[in-house]
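In full-length UniProt numbering, the protein residues as written are 1 to 97. This report concerns only the one structure given below.
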């Protein structure tokens, strides 16, 4: 198939790529989440959920985000590393440690 090896990705992996690429490109362009959400005609909470990997992305939303960042939609799907997100409250350390 086009000479490339077939690679199976999980939905979770694709969401990680999209989230990491969105954040990286948004920050590289000096945009806030509010600014990108407005440019892509999205609700701020929707963008926050996409960047936080709490929401899947429709094809239409992916295209709007790519257009707002002036990249092709494929750029948002490229493999990228996402820093580990620590959830919940920090662990308490016993007194004296």
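Idealized CB from N, CA, C, for every residue including glycine. None of the values given here were measured: they were computed from a predicted structure.
Spatial neighbours of residue i within its chain, please: C-beta separation below 8 Å, excluding the five flanking residues on both sides.
i, result
"residue 21", "75, 76, 77, 78 and 80"
"residue 71", "25"
"residue 14", "77"
"residue 19", "50, 51, 52, 53 and 82"
How close, in whole Å, do the beta carbons of residue i and residue j come, if the pair is a contact with beta carbons under 8 Å?
i, j, result
"residue 26", "residue 42", "With 8 Å as the limit, residue 26 and residue 42 do not qualify as a contact, their Cβ atoms being about 12 Å apart."
"residue 55", "residue 33", "Not a contact, Cβ separation roughly 14 Å."
Going by beta carbon distance, what residues of the same chain come within less than 6 Å of residue i, once the five residues before and after it are set aside?
i, result
"residue 40", "64, 65 and 68"
"residue 50", "57"
"residue 23", "51"
"residue 2", "Any answer about residue 2 is weak, because its pLDDT of 49 lies below 50 and its placement is not dependable; what the coordinates show is given next. For residue 2, where only same-chain residues beyond five positions count, there are no Cβ hits under 6 Å."
Looking only at its own chain, which residues have a Cβ that is under 7 Å from the Cβ of residue i, when we skip the five neighbours before and after it?
i, result
"residue 73", "62, 63 and 66"
What are the uninterrupted segments assigned as alpha helix (DSSP H) that are 4 or more residues long and contained completely in the UniProt domain "HTH cro/C1-type" (22 to 76), given in chain order? With a minimum length of 4 residues, the unbroken runs of alpha helix (DSSP H) contained wholly in the UniProt domain "HTH cro/C1-type" (22 to 76) fall at 33 to 39, 44 to 51, 59 to 69 and 73 to 76.
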